[in-house]
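Q:
2 protein chains.
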Amino acid sequence: MSANSRLTIAAHALAWIGLYQRQGHEVATSEQIATSANTNPVVIRRLLGELRRAGLVESRRGAGAGWSLARELESMTLLDVYEAVEPGPLFAMHRTTPDQECVVGHGIQPAMQGIYEGIEETLRQELARVTLENVLRDVLAAPR
Amino acid sequence: MSANSRLTIAAHALAWIGLYQRQGHEVATSEQIATSANTNPVVIRRLLGELRRAGLVESRRGAGAGWSLARELESMTLLDVYEAVEPGPLFAMHRTTPDQECVVGHGIQPAMQGIYEGIEETLRQELARVTLENVLRDVLAAPR
DNA sequence: TCTGTCGTAACAATTAACGTTGCGACTGCC
DNA sequence: GGCAGTCGCAACGTTAATTGTTACGACAGA
Chain A
2 MSANSRLTIA AHALAWIGLY QRQGHEVATS EQIATSANTN PVVIRRLLGE LRRAGLVESR
62 RGAGAGWSLA RELESMTLLD VYEAVEPGPL FAMHRTTPDQ ECVVGHGIQP AMQGIYEGIE
122 ETLRQELARV TLENVLRDVL AAPR
Chain B
2 MSANSRLTIA AHALAWIGLY QRQGHEVATS EQIATSANTN PVVIRRLLGE LRRAGLVESR
62 RGAGAGWSLA RELESMTLLD VYEAVEPGPL FAMHRTTPDQ ECVVGHGIQP AMQGIYEGIE
122 ETLRQELARV TLENVLRDVL AAPR
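So the protein lines, in turn, are chains A and B.
Per my numbering, the first sequence runs over residues 2 to 145.
Per my numbering, the second sequence runs over residues 2 to 145.
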């Protein structure tokens with residue numbers, strides 16, 4: 002698990018844009034964010050593109066182009082970000098269909114499916130309790 | 002996320018061994034389990050090896066060799082299995098250190114660390130609520 | 001028209017999980 | 001004592017997802 006920093010980078014980008022806008026700037030560029038996150042601008046553009054599809058950010062093209070928040074940080078939760086950037090379920094089933102002739106092979110997938118759905122629902126509730134405003138506050142509270 | 006069926010396969014194997022033992026057999030072989038899970042015996046042996054290190058199963062070598070439960074299914078939870086087979090944390094940080102000169106780059110990792118720890122603790126509690134006995138019961142309850 | 005940035009495709013690099021083969025080690029049974 | 005069945009484990013190939021990189025057209029303000 003977790004070769005996966007998409008949620009972290011997305012939160013980083015949103016916090017960066019939010020802070021930058023509070024400092025009076027209109028838009029933030031993918032290059033600025035990429036420098037802060039120490040990665041490539043295209044990686045940031047890809048992630049922000051998914052956040053735009055989810056209605057969390059907007060982008061402007063042409064000269065003076067860049068990214069801005071579509072909503073206040075208070076109204077965005079980690080769940081919004083998670084659902085925007087994480088494609089699949091948390092736990093995966095077998096990659097190949099188990100032996101349906103076997104009692105266990107036959108019943109294991111529906112069984113685990115039901116269990117996993119409950120767990121993921123709880124995870125979602127936890128993610129929904131954290132707003133990006135919370136994240137930014139924690140970021141600024143870090144000792145230097 | 003979730004290129005990861007380790008927890009599912011491990012639960013499958015434990016349920017299989019548990020049911021097999023209830024049918025009066027002493028030990029189960031990795032080949033039997035692999036047939037049920039539709040995978041390779043070595044994959045099963047690797048997983049069960051981790052479960053053995055966690056004290057959930059035992060293995061016997063030589064003739065009449067195989068695997069058996071070290072504890073009752075009622076006393077095993079998905080958390081025990083999860084901790085035995087999942088190495089890292091659920092969410093990862095940046096793969097490269099963010100720009101420490103930037104306020105956000107400097108504070109983002111401690112901020113996310115704290116948030117993630119709380120969420121993973123909740124996940125652990127959820128996993129701890131499901132025993133392997135629950136899993137086996139759900140497996141046997143599946144319609145055929 | 002020029003310039004800076006997004007949008008997106010294409011491909012390489014990296015990483016983790018999964019699959020497969022091979023072979024030595026072990027132990028009950030003949 | 002030898003045989004047969006299975007584990008233990010190393011080695012390597014395969015697959016898939018993410019991340020990193022390069023390239024280039026599209027867009028819009030100056």
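From the three backbone atoms N, C-alpha and C, an ideal C-beta is built for every residue, glycine too.
As the structure is a computational prediction, the values presented were derived from the model and not from experiment.
What is the rounded straight-line gap between the Cα of residue 8 of chain B and the Cα of residue 83 of chain B?
A: Computed Cα separation, rounded: 6 Å.
Q: Please report the residue range of the alpha helix (DSSP H) in which residue 106 of chain A lies.
A: Where residue 106 of chain A is concerned, the enclosing alpha helix (DSSP H) stretches over 104 to 129.
Q: Does the distance from the C-beta atom of residue 95 of chain B to that of residue 39 of chain A stay below 8 Å?
A: Taking 8 Å as the Cβ cut-off, residue 95 of chain B and residue 39 of chain A qualify as a contacting pair.
Q: Is the stretch 97 to 115 of chain A in contact with the stretch 74 to 88 of chain A, if contact means three or more CB pairs nearer than 8 Å?
A: The answer is no - the stretch 74 to 88 of chain A does not touch the stretch 97 to 115 of chain A, with fewer than three Cβ pairs under 8 Å.
Q: Which chain B residues are close to residue 6 of chain A, counting only those with a beta carbon under 9 Å from its beta carbon?
A: The contacting residues are 92, 93, 94, 95, 96.
Q: How many angstroms separate the CA atom of residue 137 of chain B from the CA atom of residue 16 of chain B?
A: Those two C-alpha atoms are separated by around 5 Å.
Q: From residue 22 of chain B to residue 59 of chain A, what distance separates their C-alpha atoms?
A: Cα to Cα, residue 22 of chain B sits roughly 59 Å from residue 59 of chain A.
Q: Where does residue 28 of chain A fall in DSSP's three states?
A: It is coil, neither helix nor strand.
Q: For a cutoff of 8 Å on Cβ pairs, would you count residue 68 of chain B as touching chain A?
A: Chain A, which has no Cβ nearer than 8 Å to the Cβ of residue 68 of chain B, makes this no.
Q: Buried or exposed: where does residue 2 of chain A fall if 16 or more other Cβ atoms within 10 Å of its Cβ makes it buried?
A: Confidence is the limiting factor: at residue 2 of chain A the pLDDT is only 34, short of 50, which leaves the residue's position unreliable, though a coordinate-based value still follows. That one is buried.
Q: Go through its chain and collect everything with a Cβ distance to residue 132 of chain B's Cβ below 7 Å, but skip five positions before and after it.
A: Cβ within range, chain order: 74, 75, 77, 78.
Q: Count the other CB atoms within 10 Å of the CB of residue 43 of chain B; is the residue buried (16 or more) or exposed (fewer)?
A: Residue 43 of chain B should be labelled exposed.
Q: DSSP state of residue 89 of chain B, grouped into three classes?
A: Residue 89 of chain B: coil per DSSP, three-state reduction.
Q: Can you tell me which residues form a DSSP beta bridge with residue 58 of chain A?
A: DSSP, once it has assigned bridges, lists A/70 as partnering residue 58 of chain A.
Q: Roughly how many angstroms lie between the CA atoms of residue 25 of chain A and residue 122 of chain B, to the nearest whole one?
A: Residue 25 of chain A and residue 122 of chain B: Cα-Cα distance of roughly 38 Å.
Q: For residue 127 of chain B, return the contacting residues in chain A, with the cut-off set at a CB-CB distance below 7 Å.
A: The answer, in chain order, is 120, 123.
Q: So, do the stretch 28 to 36 of chain A and the stretch 64 to 73 of chain A have three or more beta carbon pairs nearer to each other than 8 Å?
A: Yes: the two stretches touch, three or more of their Cβ pairs being nearer than 8 Å.
Q: What is the DSSP secondary structure of residue 9 of chain B, counted as helix, strand or coil?
A: Here residue 9 of chain B sits in helix by DSSP.
Q: With a threshold of 7 Å on Cβ separation, who are the neighbours of residue 109 of chain A within its own chain once the five nearest residues in sequence on each side are excluded?
A: Correct list, in chain order: 99.
Q: Where does residue 36 of chain A sit, in a helix, a strand or coil, going by DSSP?
A: DSSP places residue 36 of chain A in helix when its eight states are reduced to three.
Q: May I have the straight-line CA-CA distance separating residue 142 of chain A from residue 56 of chain B, to the nearest angstrom?
A: About 42 Å.
Q: Note down, in chain order, each residue of its chain lying with its Cβ closer than 8 Å to the Cβ of residue 91 of chain A, except the 5 sequence neighbours on either side.
A: Same-chain partners within the cutoff: 117, 120, 121, 124.
Q: So which residues of chain A does residue 77 of chain B contact, with C-beta pairs closer than 7 Å?
A: Near residue 77 of chain B there are no residues of chain A at all, since even the closest Cβ is about 14 Å away, more than 7 Å.
Q: Can the beta-carbon of residue 14 of chain B be found less than 8 Å from the beta-carbon of residue 49 of chain B?
A: In this structure, residue 49 of chain B lies closer than 8 Å to residue 14 of chain B by Cβ.
Q: Could you compute how far the alpha carbon of residue 54 of chain A sits from the alpha carbon of residue 85 of chain A?
A: Going from the Cα of residue 54 of chain A to the Cα of residue 85 of chain A covers about 8 Å.
Q: Go to residue 135 of chain A, then tell me how far its alpha helix (DSSP H) extends in each direction, as first and last residue.
A: Its alpha helix (DSSP H) spans residues 133 to 142.
Q: Buried or exposed: which applies to residue 112 of chain B, given that a residue is buried once 16 or more other Cβ atoms fall within 10 Å of its Cβ?
A: That one is buried.
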